[in-house]
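A short write-up of the structure that comes next.
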Amino acid sequence: MEYLNQEDAILPEVLFLDLNMPRKNGLEVLHEIKANPKFDAIAIAIYSTSSSEEHIEETFVSGANIYIKKPSDFNTLKKVLSDVVTINWQYHTSGLNKDNFLLRM
Amino acid sequence: MDFIKIYRSPLFLKVIFVISIAIIFFIAGISLKHIHSLSNSAKWVNHTYRTAIELEHLYADIKDIEVAKRDYLLTKDQTIKFAINIYKKDVQKSFEKVKKLTEENPEQRKNTEILEKLVKAKYQNVDRAFAIVESGMHTDNVSDELLSGKKAIYDIKVHVNKMVQLEEKLLDIRKANYEDNQNITPIIIYLLLLFILGLLSLAYFKMNADLNNIKQNNDVLLVANESSNLAEIVGNYGTWFLNLETHEYTFSDNEYRLFGYQPNVFKATLEDFLKHVHPDDINYVKETSSKMIHQEILAPFMYRVIRKDGTLRHFKAMGRVVENKSGERILIGTTSDITDEITASQELEERNRILEANNKELQAFNYVASHDLQEPLRKIETFISRLIDKESEDISEAGQQYLTRIKVSAGRMRILIDDLLQFSRTTRAESVFEKTDLNMLLENSKTELNQLIEDTKATIEHEKLPVLNAIPFQMQQLFTNLIHNSLKYSKENIPPIIQIRHIEIIAEKEVTLNLSNKDKYHKITFEDNGIGFDQEYAEKIFALFSRLHGKTEYDGTGIGLAICKKIVENHKGHIFAEGYPGKGANFIIYLPKET
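Read top to bottom, the protein sequences are chains U and W.
Reading the first sequence from the start, the letters are residues 3 to 107 in the working numbering.
Reading the second sequence from the start, the letters are residues 80 to 674 in the working numbering.
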């Protein structure tokens with residue numbers, strides 16, 4: 003957050019956000035980002051071990067763009083990352099609904 | 080019938096009483112009249128005789144006068160004149176008496192007047208005789224005089240006789256009248272007395288019967304009283320009455336005991352009662368009790384009292400206004416000592432609270448543990464996959480084998496954790512029920528298991544499933560688990576066939592349900608052609624971590640069916656399993672049909 007709030011920060015196109023972090027959890031960060039119009043262009047990918055309905059629901063409602071469950075296999079991880087990076091965000095976000103919010107592998 | 084009714088009514092005695100009094104008064108009246116007429120008739124007899132005597136007297140005096148006149152005519156003695164005057168006075172006296180006696184009877188009065196005239200005529204006759212004597216004797220005149228004197232006497236005698244006869248006739252009439260009365264009255268009195276006697280005997284029997292009744296009722300009442308006393312002691316409650324007309328209180332024996340006293344040691348009053356109420360509750364009790372008098376009904380309310388020995392007790396009171404037969408309004412109330420119940424319910428509440436807290440803690444622990452356990456496990460798996468992909472050439476064959484084993488174990492652990500997480504999520508039934516199309520959920524489950532279905536070449540047939548109120552993701556989980564279960568325990572080399580059927584049933588007609596109500600249920604059956612199981616494990620397979628097979632034969636955690644059971648229970652349904660070893664298994668779900 004400190005970096006993002008710097009005047010001259012280069013804003014990322016996609017931001018991977020873990021939910022379980024020290025000090026400030028992912029959901030709080032998500033709310034902060036969404037509260038600031040400066041970050042409107044950033045796509046938020048939730049990247050978490052948890053696959054609980056509540057977390058998925060909450061982050062979806064709070065405005066995240068995609069929910070990725072951390073894979074336990076390295077090859078799958080590579081595939082997921084490449085998929086996410088190559089997603090046409092414009093297209094994905096406009097047709098966003100709860101069913102395609104969770105990235106399926 | 081009507082007579083019996085009248086006989087039984089309390090009015091009966093009153094009517095008999097009034098009739099009897101009236102008849103007695105009547106008899107008294109008749110007797111009085113009778114006695115009166117008796118004394119009257121005696122008086123009349125007396126009257127008749129006196130009249131007759133007086134008349135005789137009068138006649139005798141007149142006769143004396145006549146005799147004296149004759150004497151005078153013969154002797155010409157002057158003293159005889161004086162004697163005649165004395166006789167006249169006597170006659171006068173007799174006349175007055177007769178007048179008095181006959182003044183009530185007009186006929187007799189007339190007769191008396193006639194008699195008076197006759198007597199006066201007689202006097203003139205006497206006076207004439209005197210004149211003859213004084214004017215010198217003429218024999219002719221004297222004999223004429225004597226004759227006319229005699230005639231006058233005779234007239235008087237006839238008249239007196241007539242009067243006496245009349246009087247006797249009157250007496251006879253009166254006597255006859257009196258005798259008539261005399262004959263009838265005793266018969267009337269006698270009959271009336273008999274009637275009264277009858278009435279009184281009836282009243283006596285009635286009173287006797289009433290007394291017997293009262294005695295019996297009293298006995299019953301005594302027993303009822305005693306039993307209510309006992310009931311009060313056993314039930315730990317007391318009763319009290321407040322007469323709303325006299326404002327007097329009555330406490331039952333046990334009411335005193337509730338306050339720690341022997342029965343009736345003090346007079347029941349509101350003050351004495353309030354003295355024992357806990358100081359914090361006094362205002363509340365006062366308010367409530369003044370309210371109850373106006374509202375006529377006392378809703379149950381609770382308060383605390385301090386007993387004679389200083390112990391604190393919880394009381395519950397309620398009451399109602401009733402009207403007794405005399406029309407007095409009485410507030411009847413009961414007080415029960417609910418200290419034990421309160422203590423017990425407080426303990427129960429406390430235990431419940433602890434249990435709830437424990438449960439919550441356990442769930443949170445389960446959830447957090449399985450959730451937080453995933454992260455390190457994921458790291459282990461990721462790096463094992465890195466090791467196998469990149470470094471396998473540098474590791475000895477034994478080392479590679481170890482790595483594979485580690486990988487399998489880690490995978491298994493992940494499944495376990497996933498399942499546990501799933502289970503704890505179904506337990507925390509916070510999800511909302513919504514209208515759910517089960518057909519759609521089944522399709523979702525099939526999609527979810529697409530790979531496995533293709534691999535096993537399974538066929539899934541299903542009838543049209545209902546739309547009902549359910550938690551969608553749990554229902555889907557249930558279908559997925561059941562289909563997955565059938566696919567997993569399929570026979571080797573035989574493609575599994577799963578048939579899903581639906582029918583609506585009524586609870587009491589379904590033997591497996593073992594319910595005796597008329598509730599309607601959706602019965603959904605999952606039937607497969609897999610390896611089946613022995614019926615004796617039919618219940619055990621739903622227990623958490625229970626497995627019928629070694630993990631080398633079939634993988635799994637023993638949580639899947641436990642989740643199924645949990646889900647069905649969350650939906651207030653029932654799940655049963657039927658196993659046919661070597662032939663297949665049926666899973667039957669009953670879900671309540673909402674009305």
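The C-beta atom is built at its ideal place from N, Cα and C for all residues, glycine as well.
These numbers were taken from a predicted model, which means no experiment stands behind them.
* Thr318(W) bridges to which residues according to DSSP? -> Thr413(W)
* **Within chain W, partners of Thr61(U) - CB distance below 8 Å** => Neighbourhood of Thr61(U) in chain W, by CB distance below 8 Å: empty, with the nearest CB roughly 15 Å away.
* Between Ile232(W) and Ser120(W), what straight-line distance do the alpha-carbon atoms span, to the nearest angstrom? -> 33 Å
* Asked: Does the region 306-321 of chain W come close enough to the region 400-418 of chain W that 3 or more CB-CB pairs lie under 8 Å?
  -> yes
* **Outcome for Thr127(W) when other beta-carbon atoms lying within 10 angstroms are tallied against a minimum of 16** => buried
* With a cut-off of 9 Å, does the C-beta of Thr318(W) fall near any C-beta of chain U? -> no
* To do: Name the two residues that bound the continuous alpha helix (DSSP H) containing Val31(U).
  => It spans 28-37 - the alpha helix (DSSP H) in which Val31(U) sits, taken as one unbroken run.
* Asked: Which term fits Asn99(U), buried or exposed, when burial requires 16 or more other beta carbons within 10 angstroms of its beta carbon?
  -> exposed
* Asked: Who are the Cβ neighbours of Ile584(W) in its own chain at under 6 Å, not counting the five residues just before and after it?
  -> Tyr600, Lys602
* Asked: In three-state terms, what does DSSP make of Met80(W)?
  -> Annotation note: pLDDT 49 at Met80(W) (below 50); position unreliable, coordinate value reported separately. DSSP places Met80(W) in coil when its eight states are reduced to three.
* **Pairwise C-alpha distance: Ser173(W) and Glu246(W)** => 16 Å
* To do: State the Cα-Cα distance for the pair Pro39(U) and Asp10(U), rounded to the nearest angstrom.
  => C-alpha separation (whole angstroms): 16 Å.
* To do: Identify which residue in Lys458(W), Leu500(W), Thr505(W) has its Cα closest to the Cα of Ile485(W).
  => Lys458(W)
* Asked: What does Ser54(U) reach in chain W if we use C-beta pairs closer than 9 Å?
  -> Tyr446, His450, Leu500, Arg504
* Unbroken beta strand (DSSP E) runs of length 3 or more, entirely within the region 264-338 of chain W: which are they? -> 316-322, 327-330
* Would you say Trp91(U) reaches chain W, if we count a Cβ-Cβ gap shorter than 9 Å as a contact? -> no
* Asked: For Thr636(W), which three-state DSSP category applies?
  -> coil
* Can you name the start and end residues of the alpha helix (DSSP H) that Thr130(W) belongs to? -> Per DSSP, Thr130(W) is one residue of the alpha helix (DSSP H) stretching across 90-154.
* Can you tell which of Ile646(W), Thr130(W), His355(W), Lys155(W) has the C-alpha that lies nearest to the C-alpha of Glu183(W)? -> Out of Ile646(W), Thr130(W), His355(W), Lys155(W), Thr130(W) has the C-alpha closest to the C-alpha of Glu183(W).
* Which one of Glu472(W), Ser524(W), Ser464(W), Asn164(W) has the shortest CA to CA distance from Ala489(W)? -> Ser464(W)
* **Start-to-end residues for the beta strand (DSSP E) that takes in Val401(W)** => Val401(W) -> beta strand (DSSP E) spans 391-402.
* To do: Report the rounded CA-to-CA distance for Ile610(W) versus Thr591(W), giving the unit in angstroms.
  => One Cα belongs to Ile610(W), the other to Thr591(W), and the distance between them is close to 23 Å.
* Just to confirm, are Ile642(W) and Asn560(W) a CB contact at a threshold of 9 Å? -> yes
* Asked: Who are the near neighbours of Pro342(W) in its chain, counting only those whose CB is closer than 6 Å to its CB and skipping five residues on each side?
  -> Asp332, Tyr335
* To do: Anything in chain W within Cβ reach of Ser74(U), meaning under 7 Å, just list it in chain order.
  => Arg457, Glu460, Thr461, Arg493
* To do: Closer than 9 Å, Cβ to Cβ, to anything on chain U: give me those residues from the region 527-561 of chain W, in chain order.
  => Correct list: Phe552.
* Pick from Glu429(W), Ile193(W), Ala162(W), Gln480(W): whose alpha carbon is nearest that of Val177(W)? -> Ile193(W)
* **Tyr669(W) - partner residues in DSSP beta bridges** => Lys602(W), His653(W)
* How many Å lie between Asn190(W) and Val221(W) at the Cα? -> 31 Å
* Asked: Where does the unbroken beta strand (DSSP E) through Arg580(W) begin, and where does it stop?
  -> 576-585
* To do: List the residues that DSSP assigns as beta-bridge partners of Ala549(W).
  => In DSSP, Ala549(W) forms a bridge with Glu513(W).
* How about Glu606(W) and Asn665(W): do their beta carbons lie closer than 9 Å? -> yes
* Starting from the C-beta of Val94(W), find all residues in its chain whose C-beta is less than 7 Å away, skip the five residues before and the five after it, and write them out in chain order. => Nothing listed; no residue qualifies.
* To do: Kindly list, in the order they appear in chain W, the residues whose Cβ is closer than 9 Å to that of Asn77(U).
  => Near Asn77(U) (Cβ distances below 9 Å), the residues of chain W are Ser464, Asp468.
* **Same chain only: Cβ atoms within 8 Å of Met80(W), ignoring 5 sequence neighbours per side** => No answer about Met80(W) holds up, because its pLDDT of 49 lies below 50 and its placement is not dependable.
* Asked: Counting only beta-carbon atoms, is Ala11(U) nearer than 9 Å to chain W?
  -> Under the 9 Å criterion on CB atoms, Ala11(U) is classed as non-interfacial with respect to chain W.
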